[in-house]
Amino acid sequence: VELQKSKIFEKYNVNVLGTPIQSIVDTEDRKIFAEKINAIGEKVAPSAAVTSVEEALAAAKNIGYPVMARSAFSLGGLGSGFANNEEELKVLAHQALSHSDQLIIDKSLKGWKEVEYEVVRDAYDNCITVCNMENVDPLGIHTGESIVVAPSQTLSNREYYMLRNTAIKVIRHFGIVGECNIQYALNPNSEEFYIIEVNARLSRSSALASKATGYPLAYVAAKLALGISLPVIKNSVTRVTTACFEPSLDYCVVKIPRWDLAKFNRVSTKIGSSMKSVGEVMSIGRN
544 VELQKSKIFE KYNVNVLGTP IQSIVDTEDR KIFAEKINAI GEKVAPSAAV
594 TSVEEALAAA KNIGYPVMAR SAFSLGGLGS GFANNEEELK VLAHQALSHS
644 DQLIIDKSLK GWKEVEYEVV RDAYDNCITV CNMENVDPLG IHTGESIVVA
694 PSQTLSNREY YMLRNTAIKV IRHFGIVGEC NIQYALNPNS EEFYIIEVNA
744 RLSRSSALAS KATGYPLAYV AAKLALGISL PVIKNSVTRV TTACFEPSLD
794 YCVVKIPRWD LAKFNRVSTK IGSSMKSVGE VMSIGRN
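With positions in the sequence shown counted from 1, the corresponding number in the working numbering is that position plus 543.
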């Protein structure tokens, strides 16, 4: 994004393959992201993008405590946390703004289900969902800190297809070519949901989805970036199906994070919105 802004690509006549840079900006800049999601009739949690501590306090007052504060353009939940009052938010805002120029103040949805979908799209608008996953820990715990199960175990058929259809609508709207991860907050007592974020790239969840389904996401994403269509790409793992074949699981996969508590003995052992795990283990079974 910075290379594009400084016109380095234009200077050296470099073409960026796959997802357009503007799509990356649209998904990472929270203000633009909210506007784009609202434009297709979907919802993001009430939030505000701010650039100073004073603006953060004003936004939180408008949204109502508790709130979640997090840095834009960051990985692993860096500079994020929950605030129940102004004093807590001041501390979080100072920390977050040291990592990023933009701070996001979100309505707290602690306790809601966190559900993820991995979606791929080619340059010809063919889309499939590769895998859906459910965090055992509720919203408020970073997905890298949470136990995750695939496929989701507590969604009804109606909820599954409702979120699947939304995921495909979103990836098409943003014009993403390649792999995309979309995260939802789902009310456990109703079908109300919000789109938390869209990652227009391979992510930590993509690695889990690839191993869980036998669908080589990184390989397919590279081919899609070259302009090859999904029906033409062969699945390099199964060697039988093509990349437009949507995986169907008759087993379940569980991912549990790993923390190096011996090496980082001064770090808090409480899990939260920032990621502290250094790895993960995956298991596969029939139930």
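We put the beta carbon where it would ideally sit given N, CA and C, even for glycine.
All of these numbers come straight from a predicted model, not from anything done at the bench.
**Prompt:** Thinking just about the alpha-carbon of each residue, which of Gly-683, Leu-769 and Leu-773 is nearest to the one in Val-662?
**Reply:** Locating residue 662 in the sequence shown gives position 119, counting from the first residue. Out of Gly-683, Leu-769 and Leu-773, Leu-773 has the C-alpha closest to the C-alpha of Val-662.
**Message:** Between Glu-630, Asn-669, Ala-693 and Tyr-703, which has its C-alpha nearest His-512's C-alpha?
**Reply:** Past the edges of the chain, shown from 544 to 830, lies residue 512, and the structure says nothing about it.
**Prompt:** Touch check for the segment 778-795 and the segment 749-765: three-plus C-beta pairs under 8 Å?
**Reply:** Short answer: they touch.
**Request:** Out of Phe-552, Thr-562 and Leu-682, state which residue places its alpha-carbon closest to the alpha-carbon of Gly-770.
**Result:** Start at 1 with the first residue of the sequence shown, and residue 770 comes out as number 227. Taking Gly-770 as reference, the option from Phe-552, Thr-562 and Leu-682 with the minimal CA-CA separation is Thr-562.
**Prompt:** Terminal residues of the continuous alpha helix (DSSP H) containing Asn-700?
**Reply:** On the sequence shown, position 157 is the one that residue 700 refers to. First-last of the alpha helix (DSSP H) with Asn-700: 700-717.
**Prompt:** Leu-640 by DSSP, collapsed to three states: which one?
**Reply:** For the purposes of this step, residue 640 is identified with residue 97 of the sequence shown, where counting begins at 1. DSSP places Leu-640 in helix when its eight states are reduced to three.
**Asked** So what does Pro-681 bridge to, in DSSP terms?
**Response** Here residue 681 refers to the residue found at position 138 when the sequence shown is read from its first residue. Its beta-bridge partners do not exist; DSSP assigns none.
**Message:** I need the DSSP call for Tyr-555, collapsed to helix, strand or coil.
**Reply:** Residue numbering aside, residue 555 sits at position 12 when the sequence shown is read from its first letter. It is coil, neither helix nor strand.
**Asked** By DSSP, does Asp-572 sit in helix, in strand, or in coil?
**Response** The residue labelled residue 572 in the question sits at position 29 within the sequence shown. Coil at Asp-572, not helix or strand.
**Neighbour-count burial assignment, Tyr-737, 16 or more Cβ in a 10 Å radius** = Here residue 737 refers to the residue found at position 194 when the sequence shown is read from its first residue. Buried, because 16 or more other Cβ atoms sit within 10 Å of the Cβ of Tyr-737.
**Message:** According to DSSP, Pro-800 sits in a beta bridge with which residue or residues?
**Reply:** For the purposes of this step, residue 800 is taken as residue 257 along the sequence shown, with counting starting at 1. Within the DSSP bridge table, the entry for Pro-800 names Glu-823 as partners.
**Ser-817 versus Asn-730 - alpha carbon distance** = Taking the sequence shown and counting its residues from 1, the one referred to as residue 817 is at position 274. Taking the sequence shown and counting its residues from 1, the one referred to as residue 730 is at position 187. Roughly 22 Å between the two C-alpha positions.
**Through-space distance from Val-713 to Glu-585, alpha-carbon basis** = Within the sequence shown, the letter at position 42 stands for residue 585. Within the sequence shown, the letter at position 170 stands for residue 713. Just so you know, the alpha carbons of Glu-585 and Val-713 end up roughly 9 Å apart.
**Request:** Report the rounded CA-to-CA distance for Trp-655 versus Asn-581, giving the unit in angstroms.
**Result:** Your numbering for residue 655 matches position 112 in the sequence shown. Your numbering for residue 581 matches position 38 in the sequence shown. Roughly 21 Å separates the two Cα atoms.
**Message:** If I follow the unbroken beta strand (DSSP E) through Val-783, where does it start and stop?
**Reply:** Counted from its first residue, the sequence shown places residue 783 at position 240. Neither: Val-783 is in no beta strand (DSSP E) and is coded neither H nor E.
**Asked** So what does DSSP say about Ser-753, is it helix, strand or coil?
**Response** As a working note, residue 753 is residue 210 in the sequence shown. Correct three-state label for Ser-753: helix.
**Request:** Mind the definition here: the segment 784-796 touches the segment 807-823 only if three or more C-beta pairs lie below 8 Å; say whether that holds.
**Result:** At 8 Å Cβ cutoff, the stretches do not touch.
**Message:** In whole angstroms, give me the CA-to-CA distance for Ser-749 and Glu-659.
**Reply:** Within the sequence shown, numbered from 1, the residue matching residue 749 stands at position 206. Within the sequence shown, numbered from 1, the residue matching residue 659 stands at position 116. The alpha-carbon atoms of Ser-749 and Glu-659 are separated by roughly 10 Å.
**Request:** Tell me, to the nearest whole angstrom, how far the beta carbon of Ile-648 is from that of Val-610; I am working on the premise that it is less than 8 Å.
**Result:** To locate residue 648, count along the sequence shown from 1; it is residue 105. To locate residue 610, count along the sequence shown from 1; it is residue 67. Contact holds; Cβ gap of about 5 Å.
**Request:** Kindly confirm or deny that the segment 681-688 and the segment 547-566 touch, where touching means at least three C-beta pairs closer than 8 Å.
**Result:** Because the criterion of three Cβ pairs below 8 Å is not met, the segment 681-688 and the segment 547-566 do not touch.
**Message:** Using the Cβ count rule (16 or more neighbours within 10 Å means buried), how would you classify Thr-697?
**Reply:** Working through the sequence shown from its first residue, we reach residue 697 at position 154. A residue is called buried once 16 or more other Cβ atoms fall within 10 Å of its Cβ, and Thr-697, having fewer, is exposed.
**Prompt:** Of the choices Cys-723, Glu-702 and Leu-751, whose alpha-carbon is the least far from that of Ser-733?
**Reply:** Translated into positions along the sequence shown, residue 733 becomes position 190. Nearest C-alpha to Ser-733: Glu-702.
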